[in-house]
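In our numbering, the protein residues as written are 1 to 159. Quick reminder that beta carbons are idealized off the backbone N, C-alpha and C, glycines included.
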């Protein structure tokens, strides 16, 4: 749904290709783990489909966000988890170079987690893409998640 206009943008359902059923003697932890695995597959598939559907709406129908219409920057929370301070310094060089960048400020910082308030004229899809590409350029394995206006970038540590 377009929250600006109330317009219905579409829907989609996904099913598990092969459900991962629990064994008869499965305890609570086993059940939670299995449900989590199934939910992860569903969420990834649904997210991919909705991304495609929303992307086509923005390209084909002139759909744009309020920030794009008004020329005002959008605010995001960027949380970097598992990165060393020297990696955060390099990350900061990237985030200020992203297209649409307006300003940022640290909100909280610890040895392995840093959070920024980040303002950009770019939309969330562009920022998501930029963050994923940044990880590639830094040669870091990680995952980028997004909800609302919050991005979480988690480093995947390799032994």
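Check: Could you confirm whether any beta carbon from chain B is found closer than 8 Å to the beta carbon of residue 132?; Outcome: Within the model displayed, chain B is absent; a lone protein chain is all it includes.
Check: In the structure shown, what three-state DSSP assignment does residue 130 receive?; Outcome: helix
Check: Please report how far the alpha carbon of residue 144 lies from the alpha carbon of residue 10, in whole angstroms.; Outcome: 25 Å
Check: Decide if residue 91 is buried, meaning its Cβ has at least 16 other Cβ atoms within 10 Å, or exposed.; Outcome: buried
Check: Between the alpha carbons of residue 70 and residue 100, how many angstroms are there, rounded?; Outcome: Since pLDDT at residue 70 reaches only 47, below the 50 mark, its modelled position is unreliable, and the value read off the structure follows with that caveat. Spanning the two alpha carbons is a distance of roughly 14 Å.
Check: Restricting to Cα atoms, I'd like to know which of 112, 102, 158, 52 is closest to residue 125.; Outcome: 52
Check: Which residue marks the beginning of the beta strand (DSSP E) containing residue 121, and which one marks its end?; Outcome: Looking at the DSSP string, residue 121 is not in any beta strand (DSSP E), and its letter there is neither H nor E.
Check: According to DSSP, is residue 67 helix, strand or coil?; Outcome: Confidence at residue 67 is low in this model, with a pLDDT of 45, below 50, so the placement of that residue should be treated as unreliable; the coordinate-derived value is given next. Note: residue 67 maps to helix in three-state DSSP.
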